[in-house]
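S.K.: Take a look at the following structure, please.
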Amino acid sequence: MAGELYVCATPIGNLEDITLRALRILGEAHLIAAEDTQRTRVLLAHYDIAAPLISYNEHNRKQRLPVIMEKLKEGGKVVLVSDAGTPGIADPGPMLVAEARKRGFPVIPLPGPSALSTALSICGLGMTQFTFTGFLPRRAGERERLLMELRQSGRGVVCYESPHRIEAALASLAKVWPDAKVAFLRELTKIYEEVLVGSPGQIAAELKARPRRGEMVLVIEGDRDGGQERTFSQEQIREKVVVLMEVMDKKQAIKEAAAELGIPKRIVYRAVIDLPGRGKMG
Ligand code: SAM
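Its first residue numbered 38, the sequence shown is counted upward by one per residue in the numbering used here.
Dropping the structure here:
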């Protein structure tokens, strides 16, 4: 019999969030390839499942691939699980799936929870169209450029975040999209599950008083007129830049005004092209 690769969703917190089919297949597995073996061991122990387990993560995936392919060649049932939720969403799953399919092994989904769909289901924001970013870029400039593009796309946004980067993410959002309607969802399906809805500034202020812990997702409602260029008169744009130039140089003031007004830099640049390059730094 040909081997089969099962791509199995596991709970994102509450261990009861697993399908009957997933439990049966995990019990029958010849090998479970887990992103985080410790977390998977807890799940398997909870359901009394004893199956061989190896780690498969972004650091060792190249070395692990031949071992997993060998098991499939022997006709084994291999189950891929991520640290939590559905494999293939912001994790190293796709490489294994692509390789198994390339070699002609059936790839079978075992659907179930994901932080993405769980967050969308209870965020309460209108999200008919959205972009999923996974984790936002680490560098502030890159992050802000991306958030600005997303704002201008007019679509909603879903991002995964971590406790040590949430503050920076909200600060970037407050800069380029200050009036965004944001849902912050933490520890979904766990004891300390919480949902905050507000502007980036309001959520950042709320989080200041709380411990910086847990797994979290940000959902941002689409900016309905973000797809079109906002209409500000030349005079309004100039006024904004002139005020900013009291505390920064012209180049920075153009960048800042574009971010604050939510319009492309080139529009601001054109509106102030004749302004002398004075300001704090010349
Ligand atoms: N593949 C997984 C899925 O389907 O959700 C996600 C893997 S990704 C590497 C891990 C990220 O998912 C976390 O950093 C966090 O942003 C989000 N996440 C996972 N579990 C969560 C939970 N219980 N509550 C909120 N976010 C969660």
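Cβ coordinates follow ideal geometry from the N, Cα and C atoms, glycine included.
Taking 7 Å as the cut-off, is the CB of TYR197 close to at least one heavy atom of ligand 1?
M.R.: yes
S.K.: I think ILE274 touches ALA294, with their Cβ atoms under 8 Å apart; what is that distance to the nearest whole Å?
M.R.: By a beta-carbon distance limit of 8 Å, ILE274 contacts ALA294. Their separation comes to about 7 Å.
S.K.: Whole angstroms is fine: what's the gap from GLY319's alpha carbon to PRO200's?
M.R.: Model confidence at GLY319 stands at a pLDDT of 45, short of 50, so the residue's coordinates are unreliable and nothing is read from them.
S.K.: For the stretch 114 to 157, which segments carrying the alpha helix (DSSP H) assignment without a break, of at least 4 residues, lie completely within its bounds, in sequence order?
M.R.: 130 to 139
S.K.: Run the CB neighbour count on MET38, radius 10 Å, all protein chains shown included, and call it buried at 16 or more, exposed below.
M.R.: exposed
S.K.: Three or more beta-carbon pairs under 8 Å between the stretch 65 to 85 and the stretch 160 to 179, yes or no?
M.R.: no
S.K.: Quick one, which of GLY40, ALA59 and VAL115 has its alpha-carbon nearest ALA46's?
M.R.: ALA59
S.K.: Going by C-alpha to C-alpha distance, which of ALA156, TYR93 and GLU186 sits closest to GLY130?
M.R.: TYR93
S.K.: Counting C-beta neighbours from all protein chains within 10 Å, is the total for THR155 16 or more, i.e. buried, or is it exposed?
M.R.: buried
S.K.: In three-state terms, what does DSSP make of MET253?
M.R.: strand
S.K.: Between which two residues does the alpha helix (DSSP H) harbouring TYR306 extend?
M.R.: 302 to 308
S.K.: Where does ILE55 sit, in a helix, a strand or coil, going by DSSP?
M.R.: coil
S.K.: Counting only the same chain and skipping the five closest in sequence on each side, list residues whose C-beta sits under 6 Å from that of VAL44.
M.R.: Within the same chain, LEU117, PRO124 and PRO146 come within 6 Å of VAL44 by CB-CB distance, once the 5 residues on both sides are set aside.
S.K.: If you draw a straight line from the alpha carbon of ARG138 to that of VAL219, how long is it in whole angstroms?
M.R.: 38 Å
S.K.: Would you kindly work out how many angstroms separate the C-alpha atoms of ALA241 and LEU210, rounded to a whole number?
M.R.: Between the alpha carbons of ALA241 and LEU210 lies a distance of about 10 Å.
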